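Every number in my numbering is 25 more than the matching position in the sequence shown, counting from 1.
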Amino acid sequence: MPAQILPTPKDTWNSFVEIASQDLWSQLEISLERFGLVLLSGALGGVFLGVLLGYSRIAEQYLSATFYALVIKFKELGRPHTQVAT
Numbered sequence: 026m027p028a029q030i031l032p033t034p035k036d037t038w039n040s041f042v043e044i045a046s047q048d049l050w051s052q053l054e055i056s057l058e059r060f061g062l063v064l065l066s067g068a069l070g071g072v073f074l075g076v077l078l079g080y081s082r083i084a085e086q087y088l089s090a091t092f093y094a095l096v097i098k099f100k101e102l103g104r105p106h107t108q109v110a111t
């Protein structure tokens, strides 16, 4: 098989070493920092929304329909899709 389609393990390792010697670690650090910030802000937002919905009847009345619609959509993401025969 041509090396352009499936490189040898040696070529793969050499490419990794070349990328790692340049700026791989700084780019990885930036990506992990962004991931951590997004995870933290999502968790804090979720806790805030949960407390708000739990303690405030007015907030529950205004936000519960949207909140439950989002929950239903996220539950559907894990289900396998069935195809309709045509």
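Even glycine gets a Cβ: it sits at the ideal position worked out from N, Cα and C.
Every value quoted in this text rests on a predicted model; they were computed, and no experiment measured them.
{"Query": "Per-residue DSSP class, three states only, for residue 103", "Result": "coil"}
{"Query": "Collapsed DSSP secondary structure at residue 81 in the structure displayed", "Result": "coil"}
{"Query": "Integer Cβ distance of residue 85 from residue 95, believed to fall under 8 angstroms", "Result": "15 angstroms between Cβ atoms; not a contact."}
{"Query": "Cβ-based neighbour list, residue 105, same chain, cut-off 7 angstroms, excluding 5 preceding and 5 following", "Result": "none"}
{"Query": "CA nearest to the CA of residue 88, picked from 74, 51, 55 and 68", "Result": "74"}
{"Query": "Cα-Cα separation, residue 60 to residue 46", "Result": "23 angstroms"}
{"Query": "Helix, strand or coil at residue 48 [DSSP, three-state]", "Result": "coil"}
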